[in-house]
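Novice: Residue numbers (this note's numbering), protein chains in the order written: chain A, 586 to 883; chain B, 93 to 359.
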């Protein structure tokens with residue numbers, strides 16, 4: 586038990602924080618059906634904006650939502666490059682990702698900003714609760730429920746959005762662009778909305794992770810798209826392909842399971858340097874395992 | 093009276109300036125009065141599909157103008173034309189969204205021509221409207237609103253596409269061989285449904301078909317295309333007296349290599 590408890594705590598803590606990334610990647614990777622590399626820049630952008638504002642003494646919630654706004658802006662830029670300049674969506678993402686590296690360095694002023702002495706959304710919430718008479722501490726036991734509540738709100742917001750007129754149009758843009766244009770939808774606009782929303786979630790994830798880990802780093806986004814895609818695919822392999830609510834749940838659970846598998850890999854003796862290899866293998870498994878399942882007659 | 097649709101000197105070349113240059117539309121002049129139901133026939137590569145796509149805004153013409161109710165729409169993007177122009181393609185996968193449910197597809201179609209905001213798309217009131225709209229089709233779709241379109245047959249999908257194209261706002265209906273991918277029996281059912289919807293909603297229609305009988309039987313006007321040009325345009329009484337044999341003879345007359353064309357196979 587002494588072995589399992591820290592493993593599970595780590596799984597839920599990191600899983601819930603990274604699940605915002607999973608939700609963001611879900612929008613582009615599954616609904617728009619392309620790997621949006623903007624994520625590699627918007628995730629550290631979220632961390633950078635939050636860190637820069639926190640160091641300036643900003644409110645942690647304000648800093649986190651500003652990070653999400655910056656992510657939305659990054660997604661908008663990618664969508665504009667793709668739609669107005671007619672650049673392939675993957676190339677547009679690579680261009681935005683490349684530009685964001687410099688932007689992130691400018692925002693942070695250096696490659697790494699420590700956040701050890703600044704308040705975070707977690708410490709702020711704990712302080713707020715304590716003022717109401719609770720005797721809580723800012724640790725993993727409070728981070729998990731705080732992240733969970735934020736995640737539930739985000740998930741419900743996504744489910745609500747994708748049931749609105751605009752949300753349906755955004756989904757259909759990724760599925761059948763010709764058809765939704767022939768129903769009178771400006772697909773440039775829906776692509777902007779989709780990519781902005783996706784990268785807002787991804788940047789918000791970056792902001793939360795930076796606050797949880799105690800620093801924002803220029804390299805924190807490297808390989809993050811694959812992490813998000815692996816989470817989405819693991820969720821899909823387990824939950825299958827059904828409604829939007831189901832997809833959202835699958836992305837969240839997929840991220841948590843991904844974090845568990847990573848923690849297990851470290852537990853069995855693999856080193857942090859091996860993690861990318863683990864991620865690649867997990868991604869490959871998530872892609873191939875559902876194919877075996879299909880052979881089972883329903 | 094202003095015609096609903098008018099094409100003047102519309103020309104389109106593909107691969108212009110290369111050895112594979114092909115003239116898809118050659119100086120097309122075509123006027124559709126309100127209520128016209130025009131069937132379009134012609135060999136493969138005659139330009140029928142290009143004509144419809146140009147009207148829909150999917151293909152920009154190299155020259156000429158297109159006007160809708162007297163307003164120049166030549167440079168208007170697809171999504172803005174879609175406010176008044178409905179279109180169904182040949183492939184059942186093209187005109188509906190497979191990954192979404194019947195009610196979601198209808199909800200998207202119902203908002204044709206309006207800016208989409210953050211209102212709930214599928215409400216109980218909308219479901220009630222969809223049931224009323226689907227029931228007359230007679231395919232039982234009204235009891236399967238929450239089913240994904242991917243689960244429907246080709247015929248069901250084209251019937252749904254027809255409803256989506258005509259549910260709201262569309263004044264002009266473009267049918268680009270919308271029955272070609274269906275088996276003969278289903279094609280007949282969807283064609284009858286098409287004729288009924290067009291009559292009920294008094295839609296002006298351009299219907300490309302490779303079935304000569306359908307081209308003759310339906311509509312008040314028939315045009316034949318060949319090598320990017322309209323080579324025959326008959327209406328009313330003259331159209332009513334057309335026979336499949338006369339049309340085939342006409343095809344031979346223009347000297348095109350029709351022998352292996354599906355036009356003949358379909359007679």
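Don't be surprised by glycine CBs; every beta carbon is placed ideally from N, CA and C.
Among the residues of its own chain, which have a CB less than 6 Å from the CB of residue 223 of chain B, if the five just before and after it don't count?
Specialist: Locating residue 223 of chain B in the second chain gives position 131, counting from the first residue. Taken in chain order, the residues that qualify are 234.
Novice: Counting only runs of 4+ residues fully inside the stretch 306-347 of chain B, write out the alpha helix (DSSP H) ranges in chain order.
Specialist: For the stretch 306-347 of chain B, whole alpha helix (DSSP H) runs of length 4 or above, ordered along the chain, are 328-332, 336-345.
Novice: Can you tell me whether residue 761 of chain A is helix, strand or coil according to DSSP?
Specialist: Here the question's residue 761 of chain A lines up with position 176 in the first chain. Correct three-state label for residue 761 of chain A: coil.
Novice: Could you tell me which of A:852, A:814, A:833 sits nearest to residue 866 of chain A, measuring between CA atoms?
Specialist: As a first step, residue 866 of chain A must be located in the first chain, where it is residue number 281. Answer by Cα proximity: A:814.
Novice: In or out: residue 724 of chain A buried (at least 16 other Cβ within 10 Å) or exposed?
Specialist: Start at 1 with the first residue of the first chain, and residue 724 of chain A comes out as number 139. So residue 724 of chain A ends up on the exposed side.
Novice: Scan the stretch 623-694 of chain A and note each continuous alpha helix (DSSP H) run of 4 residues or more that stays entirely inside, going in chain order.
Specialist: List check, alpha helix (DSSP H) in window: 624-640, 645-669, 674-693.
Novice: Would you say residue 306 of chain B faces chain A, with C-beta separation under 8 Å as the test?
Specialist: Counted from its first residue, the second chain places residue 306 of chain B at position 214. Not one chain A Cβ lies under 8 Å of residue 306 of chain B.
Novice: Please tell me whether residue 188 of chain B has its Cβ less than 8 Å away from any Cβ of chain A.
Specialist: Here the question's residue 188 of chain B lines up with position 96 in the second chain. For residue 188 of chain B, the answer is yes, since a Cβ of chain A falls inside 8 Å of its Cβ.
Novice: Taking one C-beta from the stretch 198-209 of chain B and one from the stretch 259-266 of chain B each time, how about it: are there three or more such pairs within less than 8 Å?
Specialist: A contact exists between the stretch 198-209 of chain B and the stretch 259-266 of chain B.
Novice: What are the boundary residues of the beta strand (DSSP E) that residue 131 of chain B is part of?
Specialist: To locate residue 131 of chain B, count along the second chain from 1; it is residue 39. Run containing residue 131 of chain B: 129-134, per the beta strand (DSSP E) assignment.
Novice: Please give the ranges of any alpha helix (DSSP H) in the stretch 110-176 of chain B, keeping only runs that are unbroken, at least 4 residues long and fully inside the region.
Specialist: Taking only runs of at least 4 residues, the alpha helix (DSSP H) segments lying wholly in the stretch 110-176 of chain B are 140-148, 170-173.
Novice: So is residue 153 of chain B buried or exposed if we call it buried at 16+ other beta carbons inside 10 Å?
Specialist: One-based indexing of the second chain puts residue 153 of chain B at position 61. Residue 153 of chain B is buried by the Cβ-count criterion.
Novice: Using a Cβ cut-off of 8 Å, which residues of the stretch 745-774 of chain A contact any Cβ in chain B, in chain order?
Specialist: Flagged, chain order: 746, 748, 749, 750, 751, 752, 753, 754, 756, 757, 760, 761, 763, 764, 765, 766, 767, 768, 769, 770, 771, 772.
Novice: Closest to residue 194 of chain B by C-alpha separation, out of B:171, B:163, B:231, would be which residue?
Specialist: Here residue 194 of chain B refers to the residue found at position 102 when the second chain is read from its first residue. The shortest C-alpha separation from residue 194 of chain B is found at B:231.
Novice: Tell me the rounded alpha-carbon separation between residue 681 of chain A and residue 282 of chain B.
Specialist: As a working mapping, residue 681 of chain A is identified with position 96 in the first chain. As a working mapping, residue 282 of chain B is identified with position 190 in the second chain. Rounded to whole angstroms, residue 681 of chain A to residue 282 of chain B spans 47 Å at the Cα level.
Novice: What residues match up with residue 178 of chain B in a beta bridge as DSSP calls it?
Specialist: The residue given as residue 178 of chain B occupies position 86 in the second chain. Partner(s): B:265.
Novice: Strictly under 8 Å for the Cβ-Cβ distance: is residue 218 of chain B near chain A by that measure?
Specialist: Sequence index remark: in the second chain, residue 218 of chain B carries index 126 (1-based). Cβ-Cβ to chain A under 8 Å: no for residue 218 of chain B.
Novice: Could you tell me whether the Cβ of residue 255 of chain B comes closer than 8 Å to any Cβ of chain A?
Specialist: For this step, residue 255 of chain B is matched to residue 163 along the second chain. Chain A, which has no Cβ nearer than 8 Å to the Cβ of residue 255 of chain B, makes this no.
Novice: What in chain A is Cβ-close to residue 170 of chain B, meaning under 8 Å?
Specialist: As a first step, residue 170 of chain B is located in the second chain; it is residue number 78 there, counting from the start. The answer, in chain order, is 766, 767.
Novice: Let me make sure I understand the geometry here. Which of A:877, A:875, A:848 has the alpha-carbon closest to that of residue 863 of chain A?
Specialist: Against the first chain, residue 863 of chain A aligns to sequence position 278. The residue with the shortest Cα to Cα distance from residue 863 of chain A is A:848.
Novice: Do you know offhand how far residue 726 of chain A's Cα is from residue 257 of chain B's?
Specialist: Within the first chain, the letter at position 141 stands for residue 726 of chain A. Within the second chain, the letter at position 165 stands for residue 257 of chain B. When rounded, the distance between both Cα atoms is 55 Å.
Novice: Pop quiz: residue 144 of chain B and residue 254 of chain B are said to be a contact at Cβ under 8 Å. What is the actual Cβ separation, rounded to whole angstroms?
Specialist: Against the second chain, residue 144 of chain B aligns to sequence position 52. Against the second chain, residue 254 of chain B aligns to sequence position 162. Not really, about 15 Å apart at Cβ, beyond 8 Å.
Novice: Cutting at 6 Å between CB atoms, please list the residues of its own chain near residue 819 of chain A, excluding the five before and the five after it.
Specialist: Within the first chain, the letter at position 234 stands for residue 819 of chain A. Closer than 6 Å at Cβ, skipping near neighbours: 839, 842, 843, 871.
Novice: Just how far apart, CA to CA, sit residue 238 of chain B and residue 198 of chain B?
Specialist: In the second chain, residue 238 of chain B corresponds to position 146, counting from 1. In the second chain, residue 198 of chain B corresponds to position 106, counting from 1. In a straight line, the C-alpha of residue 238 of chain B is about 11 Å away from that of residue 198 of chain B.
Novice: Could you tell me which chain A residues have their CB closer than 9 Å to the CB of residue 199 of chain B, listed as they occur along the chain?
Specialist: Working through the second chain from its first residue, we reach residue 199 of chain B at position 107. Simply 750, 753.
Novice: Using a Cβ-Cβ cut-off of less than 8 Å, give me the residues of the stretch 212-238 of chain B that come near chain A, in sequence order.
Specialist: For the stretch 212-238 of chain B, which is checked against every Cβ of chain A, the residues closer than 8 Å are 212, 213, 214.
Novice: Which same chain residues, not among the five before or five after residue 766 of chain A, have their C-beta less than 7 Å away from its C-beta?
Specialist: The residue labelled residue 766 of chain A in the question sits at position 181 within the first chain. Around residue 766 of chain A: 772.
Novice: Are the stretch 677-696 of chain A and the stretch 790-803 of chain A touching by the rule of at least three beta carbon pairs closer than 8 Å?
Specialist: Yes, they touch.
Novice: Out of curiosity, what's the CA-to-CA distance linking residue 758 of chain A and residue 246 of chain B?
Specialist: The residue you call residue 758 of chain A lines up with position 173 of the first chain. The residue you call residue 246 of chain B lines up with position 154 of the second chain. Taking the straight line from one Cα to the other gives about 22 Å.
Novice: Could you name the residues of chain A that residue 210 of chain B contacts, counting a contact when the two beta carbons are closer than 7 Å?
Specialist: Residue mapping note: residue 210 of chain B aligns to position 118 of the second chain, counting from 1. By Cβ distance, chain A contributes 749, 751.
Novice: Could you check which residue in A:589, A:633, A:597 has the C-alpha nearest to that of residue 788 of chain A?
Specialist: In the first chain, counting from the first residue as 1, residue 788 of chain A sits at position 203. Of A:589, A:633, A:597, the residue nearest in Cα terms is A:633.
Novice: So does the stretch 779-795 of chain A actually touch the stretch 647-655 of chain A, counting three or more Cβ pairs closer than 8 Å?
Specialist: Counting Cβ pairs under 8 Å, three or more are found: they touch.
Novice: Could you work out which residue in B:127, B:183, B:135, B:157 is closest to residue 275 of chain B when comparing CA atoms only?
Specialist: As a first step, residue 275 of chain B is located in the second chain; it is residue number 183 there, counting from the start. Closest option to residue 275 of chain B, Cα to Cα, is B:183.
Novice: In chain A, which residues lie with their C-beta within 9 Å of the C-beta of residue 113 of chain B?
Specialist: Position 21 of the second chain, counting from 1, holds the residue named residue 113 of chain B. Those do not exist, as residue 113 of chain B stays about 23 Å from chain A at its closest Cβ, beyond 9 Å.
Novice: Is it true that the CB of residue 836 of chain A sits closer than 8 Å to the CB of residue 660 of chain A?
Specialist: The residue you call residue 660 of chain A lines up with position 75 of the first chain. The residue you call residue 836 of chain A lines up with position 251 of the first chain. No; because the gap between Cβ atoms is not below 8 Å, this pair is not in contact.
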